[in-house]
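Chemist: For the protein sequence lines, the chains are A and B, in the order given.
Numbering-wise, the first sequence is residues 1 to 114 according to the working numbering.
Numbering-wise, the second sequence is residues 115 to 230 according to the working numbering.
Note that the Cβ used here is the ideal one computed from N, Cα and C, for glycine as well.
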Amino acid sequence: AQSVTQPDIHITVSEGASLELRCNYSYGATPYLFWYVQSPGQGLQLLLKYFSGDTLVQGIKGFEAEFKRSQSSFNLRKPSVHWSDAAEYFCAVGPPWGYQKVTFGIGTKLQVIP
Amino acid sequence: EAGVAQSPRYKIIEKRQSVAFWCNPISGHATLYWYQQILGQGPKLLIQFQNNGVVDDSQLPKDRFSAERLKGVDSTLKIQPAKLEDSAVYLCASSSPSGGQEDTQYFGPGTRLTVL
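Here is the structure:
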C-alpha cells in the first residue's frame, strides 16, 4: 500500500528565509508525486508534480521539489518565503499507472513571521 | 474558466440527521472525485467517477454514504444518518480528460460539515 509521511506538522520561518518541507513516501515502485497547497477556507491547489525524468521539478509560485529515489523523499523548497506563502502544504503519492488514486500526507502548516 | 463549485459551504446538523452536498465540476471534465478531510489530516478519497460511472468507491462507508453523478456532470454526496465522526470538510475535485495520473485535479472550496 502506498503511504506518505510528512514529519513536520508545523513550521515557522521568517519572511525572506529559505524553506524546505519534508516528504517521505512508501511505495514498491517509483510513484507519481505531488505537492498541493491549501490556504484557509480554500480548496487544494497543485504546486507541482513528478512523473519521470528530471528529478528537480519546478512548480508555481517559485516552488521546486527534488525527487530522491534512494531516500524515498520528495522535499519541497523555496529560496525566499513571502508572507502570502503561509498555508498548509500536502505531499501526495499515486501509482504510476491507471487512474489517479492519490494518497495524501497529513500536511505541514507553514507560518511566516515578519 | 470557472472552477469547481460546491454548495453549501457550511452545514451544521444533529447526529442521525441526513445531509447532501452538491458539486459542479469544471466544464468538460470527465473525472470527478469526492474527498473527506478530517481536521488535522490530509484528504481521503471517498469516491471517483469517470463520466457517470464509479471507478473507485473502496473507501466510501456505503452503509451511510452514497453518491451519484447523473448525466456525467454534477454530483451529489449524501450522508444518512450522520455520525459525530463525519464532521469534516468534504472536497470535490475534477480532472480531464482520462482521469489518468497525468491529469491535474482541480479542487473546489469544500463544504465544512459539523455534526452535533
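I'd like to check one pair, residue 135/B with residue 225/B: are the Cβ atoms closer than 8 Å?
Modeler: Cβ distance < 8 Å, so residue 225/B and residue 135/B count as in contact.
Chemist: Residue 221/B touches chain A at which residues, Cβ-Cβ below 9 Å?
Modeler: Neighbours of residue 221/B on chain A, chain order: 36, 38, 42, 43, 44, 45, 46.
Chemist: Going straight from the alpha carbon of residue 137/B to that of residue 172/B, what length do you get?
Modeler: Answer to the nearest angstrom: the Cα atoms are 20 Å apart.
Chemist: Look at the alpha carbon of residue 196/B and the alpha carbon of residue 86/A, and state the distance between them as a whole number of angstroms.
Modeler: The straight-line gap from Cα to Cα measures roughly 33 Å.
Chemist: Just grab the DSSP bridge partners of residue 117/B for me.
Modeler: Residue 117/B is not bridged to any residue.
Chemist: Given a threshold of 16 other Cβ atoms within 10 Å of its Cβ, counted over all protein chains shown, does residue 156/B qualify as buried or as exposed?
Modeler: Residue 156/B is buried by the Cβ-count criterion.
Chemist: Check whether the segment 76-91 of chain A and the segment 180-197 of chain B touch, using three or more Cβ-Cβ pairs below 8 Å as the test.
Modeler: The segment 76-91 of chain A vs the segment 180-197 of chain B: no contact.
Chemist: Using a Cβ cut-off of 8 Å (strictly closer), state whether residue 170/B contacts chain A.
Modeler: Yes, its Cβ sits closer than 8 Å to a Cβ of chain A.
Chemist: What does the alpha-carbon distance come out to for the pair residue 106/A and residue 4/A?
Modeler: Roughly 8 Å separates the two Cα atoms.
Chemist: State buried or exposed for residue 12/A, treating a residue as buried only when at least 16 other CB atoms are found within 10 Å of its CB.
Modeler: Under this definition residue 12/A is an exposed residue.
Chemist: Would you report the Cα separation of residue 76/A and residue 144/B, rounded to the nearest angstrom?
Modeler: Cα to Cα, the separation comes out at about 30 Å.
Chemist: Since residue 34/A and residue 92/A are thought to touch, with beta carbons under 8 Å apart, how far apart are those beta carbons, to the nearest angstrom?
Modeler: Yes, residue 34/A and residue 92/A are in contact; Cβ-Cβ is about 4 Å, under 8 Å.
Chemist: Pick out whichever of 129/B, 187/B, 192/B has its Cα sitting closest to the Cα of residue 146/B.
Modeler: Of the candidates 129/B, 187/B, 192/B, the one whose C-alpha sits nearest the C-alpha of residue 146/B is 187/B.
Chemist: Of the choices 203/B, 220/B, 210/B, whose alpha-carbon is the least far from that of residue 40/A?
Modeler: Per the Cα distances, 203/B.
Chemist: Can you pull the chain B residues whose beta carbon is under 7 Å from the beta carbon of residue 107/A, in chain order?
Modeler: Neighbours of residue 107/A on chain B, chain order: 156.
Chemist: Can you say whether residue 49/A is buried or exposed, counting buried as having 16 or more other CB atoms within 10 angstroms of its CB?
Modeler: Counting Cβ neighbours within 10 Å, residue 49/A comes out buried, since at least 16 surround it.
Chemist: Using CA coordinates, which residue listed in 31/A, 30/A, 63/A, 53/A is at the minimum distance from residue 46/A?
Modeler: Comparing Cα-Cα distances from residue 46/A to each of 31/A, 30/A, 63/A, 53/A, the minimum goes to 63/A.
Chemist: With a threshold of 7 Å on Cβ separation, who are the neighbours of residue 30/A within its own chain once the five nearest residues in sequence on each side are excluded?
Modeler: The answer, listed in chain order, is 69, 96.
Chemist: List, in order along the chain, the chain A residues whose C-beta lies closer than 7 Å to that of residue 224/B?
Modeler: Ordered by position in chain A, the residues that pass the 7 Å Cβ test against residue 224/B are 43.
Chemist: Please report the distance separating the alpha-carbon of residue 74/A from that of residue 194/B.
Modeler: One C-alpha to the other measures close to 39 Å.
Chemist: Taking DSSP as the reference, what is the three-state secondary structure of residue 83/A?
Modeler: Reduced to three states, the DSSP call for residue 83/A is helix.
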